[in-house]
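Participant:
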Amino acid sequence: MKDTYRHKGMRRQLVEELRRKGISDERLLAAIETLPRHFFLDKAFEEWAYKDKPFPIGNDQTISQPYTVAYQTSLLQIKKRDKVLEVGTGSGYQAALLAMLGARVYTVERQEALYEKAKALLSKLKLGNVRCYLRDGYKGLPEFAPFDKIIVTAGATGVPPALLKQLAIGGILVIPVGEHVQKMHLIVRLSEEEYDDQVLANFRFVPLLKGLNTMD
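Residues in the sequence shown are numbered consecutively from 1, following our numbering.
Structure, rendered in structure tokens:
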């Protein structure tokens, strides 16, 4: 895997584009400028890796466009040492970005092929603060709860109750909800039973599915 001056130049251009689109978190933009997105894509897409577009990563899944990743991540307001659950590892790019921001990342993926590939790549990048699990995202990771932040990177038909339960009081859950077009929800847990739910912009995600898809 090579990261050339050309790649770095394209990342700088991408960051400027994200700024123009309203992303203002400088720490997040610096991480995006540092992290080689082309490492997380098939070589066939390397030429376009720094366009603000989604790309297929196999198993009917995609790597979200950089604006979507930046938008969701900025809503999380990541602080160093935050304990973060990511539902939908996919390529591993989002998990790597969260780790670069100083979060302790627990990421779950239901597709075994994607899980194995992302786990190997994240290990190669020596991101020691990311743990990968082959799990049903609807169930979260109750054995490691509570989480300061939870991010869901696929479109859910509703907010999974298990994820609400696994959110720490004062914690933030960012999740796209809807059938064909999803609305981004920013949910803050106010107390044991009370949540604040803000409904934000429209996006399109692949669906959040239940169960595991193994390579057996």
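Idealized CB from N, CA, C, for every residue including glycine.
Owing to the predicted nature of the structure, the values given are computational and were not obtained by experimental measurement.
DSSP puts Val177 in a beta bridge; with which residues?
Facilitator: For the purposes of this step, residue 177 is taken as the residue at position 177 of the sequence shown. DSSP lists Ala156, Lys183 as partners of Val177.
Participant: Please state the DSSP three-state secondary structure of Gly92.
Facilitator: On the sequence shown, position 92 is the one that residue 92 refers to. Correct three-state label for Gly92: coil.
Participant: Below 8 Å, how does it come out for the stretch 165-177 and the stretch 142-151: are there three or more Cβ pairs, yes or no?
Facilitator: A contact exists between the stretch 165-177 and the stretch 142-151.
Participant: Classify Ala96 as buried or exposed, calling it buried when 16 or more other Cβ atoms lie within 10 Å of its own Cβ.
Facilitator: Counted from its first residue, the sequence shown places residue 96 at position 96. Buried, by the Cβ-count rule.
Participant: In chain order, what residues of the same chain lie with their CB nearer than 6 Å to the CB of Thr107, ignoring the 5 residues before and after it?
Facilitator: Numbered from its first residue, the sequence shown carries residue 107 at position 107. Glu86, Thr89, Ala95, Cys132.
Participant: Can Val174 and Leu186 be called in contact, C-beta distance under 8 Å?
Facilitator: What you label residue 174 is simply residue 174 of the sequence shown in a count that begins at 1. What you label residue 186 is simply residue 186 of the sequence shown in a count that begins at 1. Yes. Within cutoff.
Participant: What's the C-alpha gap between Lys79 and Ala113?
Facilitator: Here the question's residue 79 lines up with position 79 in the sequence shown. Here the question's residue 113 lines up with position 113 in the sequence shown. When rounded, the distance between both Cα atoms is 31 Å.
Participant: Return yes when the Cβ of Asp52 is within less than 8 Å of the Cβ of Pro66, no when it is not.
Facilitator: In the sequence shown, the residue the question calls residue 66 occupies position 66. In the sequence shown, the residue the question calls residue 52 occupies position 52. Result yes, Cβ atoms of Pro66 and Asp52 sit closer than 8 Å.
Participant: Within 10 angstroms of its Cβ, does Leu200 collect 16 or more other Cβ (buried), or is it exposed?
Facilitator: As a first step, residue 200 must be located in the sequence shown, where it is residue number 200. It counts as exposed.
Participant: Is it right to say Val69 is buried, meaning 16 or more other beta carbons lie within 10 angstroms of its own, or is it exposed?
Facilitator: If you number the sequence shown from 1, residue 69 lands on position 69. When all chains shown are included, Val69 counts as buried.
Participant: Given this structure, state the Cα-to-Cα distance separating Ser74 from Ala120, to the nearest angstrom.
Facilitator: Counting from 1 along the sequence shown, the entry for residue 74 is found at position 74. Counting from 1 along the sequence shown, the entry for residue 120 is found at position 120. Spanning the two alpha carbons is a distance of roughly 27 Å.
Participant: For the putative contact between Gly140 and Ala154, defined by C-beta atoms under 8 Å, what is the C-beta separation to the nearest angstrom?
Facilitator: Sequence index remark: in the sequence shown, residue 140 carries index 140 (1-based). Sequence index remark: in the sequence shown, residue 154 carries index 154 (1-based). That belief does not hold up - the Cβ atoms of Gly140 and Ala154 are roughly 14 Å apart, past 8 Å.
Participant: Does the distance from the C-beta atom of Leu18 to that of Ile32 stay below 8 Å?
Facilitator: By one-based count along the sequence shown, residue 18 stands at place 18. By one-based count along the sequence shown, residue 32 stands at place 32. For Leu18 and Ile32, yes; Cβs fall inside 8 Å.
Participant: Can the beta-carbon of Asn59 be found closer than 8 Å to that of Ala99?
Facilitator: Walking along the sequence shown from the start, residue 59 turns up at place 59. Walking along the sequence shown from the start, residue 99 turns up at place 99. It is not a contact, given that the beta carbons lie outside the stated cut-off.
Participant: Under 8 Å, do Leu208 and Asp136 count as touching if we go by C-beta distance?
Facilitator: Position 208 of the sequence shown, counting from 1, holds the residue named residue 208. Position 136 of the sequence shown, counting from 1, holds the residue named residue 136. Their beta carbons are not under 8 Å apart, which means Leu208 does not touch Asp136 by this criterion.
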